[in-house]
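Undergrad: Taken in order, the sequence shown gives residues 138 to 514; the numbers are from my numbering.
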Amino acid sequence: MNMKSLIANPAELRPDTPWEETKWAWTSEEELVDHHTKARLCAAALLPFRDRQPDWDSFAASLRWMQASADHYGVELVPVLNADTGYIFDLDNDLYAEVLRRFRAEFPGMKFVAGITARGAENDSSFQAVRYRPLLDIVQEHENCEVMIMTSRWLNSLDPERRRDGYYEIAEWLVRPGIVHALEPSFVPWATPFEPWLLWQLASHPKFTGGKISTLDAPHFLYWAAMCRDLGLDFAPHSGDDFGIACAIKLGRPLLIGAASSAAPLICAAKDMWLADDAPAKRFVTGAGPGKFDTRVYKLFEAFQSLEDQVFRLDANGSASSYRHSTAHLLHTLGVIAAPEPHPDCRDLRGSEEPARMNEALIRVRRMADRLGIAGF
């Protein structure tokens, strides 16, 4: 039987090459494991509401709650503002800008990532890069930040070459580092992940320092991590998989997830526990010697994933969009925010049983947090 050789040289990629024809689709998680890199945690911040208005005190409190754990475990925390967890699609431009102003006033030295999307494209019949410009301009009024170019229907509708050109056109306006963004159709029906050629083209652009890939059904994050490692790309794949949080920690790669809004203390602890004792960033050594790590982290992985599987559980339509309402209930249960309200225009809501459901979901992680001395739960 003759077997087709797998592509390992990006020069051999075509715009329509599927991942299955590349070596990177066949690289195992075990081959990519890294016990020495403590990558940053980009926590998609919830915008809390109370009495139908933004609750700015709770917004700041939730960020301080995450930052306390990050500081304790030596993790770089970068809040992600005005992304899906921050109700970007329900914010007008004034409130979008106010979120950034409030954040910078409260946390003057902290880096942040801000999501941007196409504004006013509802009646368009084709992609127009200029639709991204209003939010991009608002973000770039600030320093020490990065811009996440969130996918949109018309950008995603383009074939790989024109899609690359669309991202490149947006990049012409970037004066801050850019993060590209891809989704699987399990999130929205029109979404498609990047082909390997498109990832290579975007990762080679000097203004794009990284990308987020959100997947539920295919291991695209592994594909990205394998390609970037093998080719030595100066481009950081960020996992956006709230159903597979441990994978990025095991690979020493960044996370960019809404789950960090409700599980930051657990994730920060796991990042340090996974590191070997001889890793320079290790905060709490086991004392077992070089190369050794705290194997209790495997149970911690299971515990916080069981929690987030409830927060992000799919509804009857196969959508996890109501996770924001669950996150609000969870943070309210923990005493971090004052009320479990969603954005008043948000239609993705949980039912009246949600407080009890989140209390039940916390039972296991509270046991683990108590045994491991993890504060915040």
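Ideal placement from N, C-alpha and C gives every residue a C-beta, glycine not left out.
1. Check R461 in the structure and name its three-state DSSP category.
2. Cβ of A251 within 9 Å of Cβ of V217?
3. Just verifying my parser: in three-state terms, what is the DSSP assignment at C282?
4. Can you tell which of A413, K429, K349 and S195 has the C-alpha that lies nearest to the C-alpha of P391?
5. Please state whether DSSP places R420 in a helix, a strand or coil.
6. With distance defined between alpha-carbon atoms, name the residue in A396, L370, S376 and G395 nearest to L388.
7. Using 10 angstroms around the beta-carbon of R517, count the other beta-carbons present and answer buried if the total reaches 16, otherwise exposed.
8. On the three-state DSSP scale, how would you describe V312?
9. Return helix, strand or coil for L214, following the three-state DSSP convention.
10. Give me, in chain order, the residues of the same chain whose beta-carbon lies closer than 6 Å to that of V170; leave out the 5 immediate sequence neighbours on both sides.
11. Check the C-beta distance from R187 over to E478 and give it rounded, since I have them as a contact under 8 Å.
12. Contact between the stretch 181–196 and the stretch 437–457: three or more CB pairs below 8 Å?
13. Tell whether a beta-carbon distance below 9 Å holds between A176 and A385.
14. On the three-state DSSP scale, how would you describe T329?
15. Measuring alpha carbon to alpha carbon, tell me which of K160, S165 and T174 ends up nearest R420.
16. Pair every Cβ in the stretch 290–302 with every Cβ in the stretch 334–350, then say whether three or more of these pairs are closer than 8 Å.
17. Given that a residue counts as buried once 16 or more other Cβ atoms are within 10 Å of its Cβ, and exposed if not, what is E445?
18. Over what stretch of residues does the beta strand (DSSP E) that includes P374 continue unbroken?
19. In the DSSP assignment, find the unbroken alpha helix (DSSP H) run with F441 in it and report its ends.
20. Would a C-beta distance cut-off of 9 Å place Y435 and G395 closer than the cut-off?
21. How about D354 and E321: are their beta carbons less than 9 Å apart?
22. Just to confirm my understanding: we take M138, look at its own chain, exclude 5 residues before and 5 after, and list those with CB closer than 7 Å. What are they?
23. Can you list, in chain order, the residues of its chain whose CB lies under 7 Å from that of D452, leaving out five sequence neighbours each side?
24. For P391, name the three-state secondary structure that DSSP assigns.
25. Just verifying my parser: in three-state terms, what is the DSSP assignment at R484?
26. Which of the three DSSP states, helix, strand or coil, is assigned to R177?
27. Look up T159 in the DSSP assignment and give the residues it is bridged to.
28. Based on the DSSP secondary-structure assignment, which residues constitute the bridge partners of H318?
29. Check whether the Cβ atoms of T288 and I316 sit closer than 9 Å, and answer yes or no.
30. Where in the stretch 254–299 do unbroken runs of the beta strand (DSSP E), each at least 3 residues long, occur, reported from the N-terminal end onward?
31. Pull up the DSSP beta-bridge partners for G252, would you.
32. According to DSSP, is M138 helix, strand or coil?
TA: Result, derived from the coordinates:
1. The residue labelled residue 461 in the question sits at position 324 within the sequence shown. Helix at R461.
2. Taking the sequence shown and counting its residues from 1, the one referred to as residue 251 is at position 114. Taking the sequence shown and counting its residues from 1, the one referred to as residue 217 is at position 80. Taking 9 Å as the Cβ cut-off, A251 and V217 qualify as a contacting pair.
3. Counting from 1 along the sequence shown, the entry for residue 282 is found at position 145. In this structure, C282 counts as strand in the three-state DSSP scheme.
4. If you number the sequence shown from 1, residue 391 lands on position 254. For the residues A413, K429, K349 and S195, the minimum Cα distance to P391 belongs to K349.
5. The sequence position of residue 420 within the sequence shown is 283, counting from 1. Looking at R420 - three-state DSSP - the assignment turns out to be coil, as it is neither helix nor strand.
6. Indexing the sequence shown from 1 puts residue 388 at position 251. Of A396, L370, S376 and G395, the residue nearest in Cα terms is S376.
7. Coverage of the chain is limited to positions 138 through 514, which leaves residue 517 absent and any answer about it impossible.
8. As a first step, residue 312 is located in the sequence shown; it is residue number 175 there, counting from the start. Of the three classes helix, strand and coil, the one that applies to V312 here is coil, per DSSP.
9. Counting from one through the sequence shown, the residue named residue 214 turns up at place 77. Of the three classes helix, strand and coil, the one that applies to L214 here is strand, per DSSP.
10. Taking the sequence shown and counting its residues from 1, one reaches residue 170 at position 33. The answer, listed in chain order, is K387.
11. In the sequence shown, residue 187 corresponds to position 50, counting from 1. In the sequence shown, residue 478 corresponds to position 341, counting from 1. Indeed, because the Cβ distance is near 6 Å, the residues count as touching under 8 Å.
12. no
13. The residue given as residue 176 occupies position 39 in the sequence shown. The residue given as residue 385 occupies position 248 in the sequence shown. Yes, these two residues count as a Cβ contact at 9 Å.
14. Looking up residue 329 in the sequence shown gives position 192. In the structure shown, T329 sits in coil (DSSP, three-state: anything other than H, G, I, E or B).
15. Residue 420 sits at position 283 when you count from the first residue of the sequence shown. Comparing Cα-Cα distances from R420 to each of K160, S165 and T174, the minimum goes to T174.
16. Three or more beta-carbon pairs drawn from the stretch 290–302 and the stretch 334–350 are found closer than 8 Å, and the two stretches are therefore classed as touching.
17. Against the sequence shown, residue 445 aligns to sequence position 308. The C-beta of E445 has 16 or more other C-beta atoms within 10 Å across all chains shown, which makes the residue buried.
18. Within the sequence shown, the letter at position 237 stands for residue 374. Unbroken beta strand (DSSP E) run through P374: A373 to S376.
19. Against the sequence shown, residue 441 aligns to sequence position 304. Unbroken alpha helix (DSSP H) run through F441: V434 to V448.
20. Position 298 of the sequence shown holds residue 435. Position 258 of the sequence shown holds residue 395. No.
21. Working through the sequence shown from its first residue, we reach residue 354 at position 217. Working through the sequence shown from its first residue, we reach residue 321 at position 184. Going by C-beta atoms, D354 is nearer than 9 Å to E321.
22. Position 1 of the sequence shown holds residue 138. The predicted model places M138 with a pLDDT of 44, which falls under 50 and marks its position as unreliable, so this point remains unresolved.
23. Counted from its first residue, the sequence shown places residue 452 at position 315. Non-local C-beta neighbours of D452 in its own chain, meaning closer than 7 Å and more than five positions away in sequence, comprise S459, ordered along the chain.
24. Taking the first residue of the sequence shown as 1, we reach residue 391 at position 254. Residue state, collapsed to three classes: coil.
25. Residue numbering aside, residue 484 sits at position 347 when the sequence shown is read from its first letter. In the structure shown, R484 sits in coil (DSSP, three-state: anything other than H, G, I, E or B).
26. Residue mapping note: residue 177 aligns to position 40 of the sequence shown, counting from 1. Of the three classes helix, strand and coil, the one that applies to R177 here is coil, per DSSP.
27. Stepping through the sequence shown from its first residue, residue 159 is reached at position 22. Paired residue(s): I144.
28. Within the sequence shown, numbered from 1, the residue matching residue 318 stands at position 181. In DSSP, H318 forms a bridge with K349.
29. Translated into positions along the sequence shown, residue 288 becomes position 151. Translated into positions along the sequence shown, residue 316 becomes position 179. In this structure, T288 keeps its C-beta atom at 9 Å or more from the C-beta atom of I316.
30. 282–286
31. Stepping through the sequence shown from its first residue, residue 252 is reached at position 115. Secondary-structure assignment with DSSP links G252 through a beta bridge to M285.
32. Numbered from its first residue, the sequence shown carries residue 138 at position 1. Legend: pLDDT at M138 = 44, less than 50; position of this residue unreliable, no value from coordinates given.
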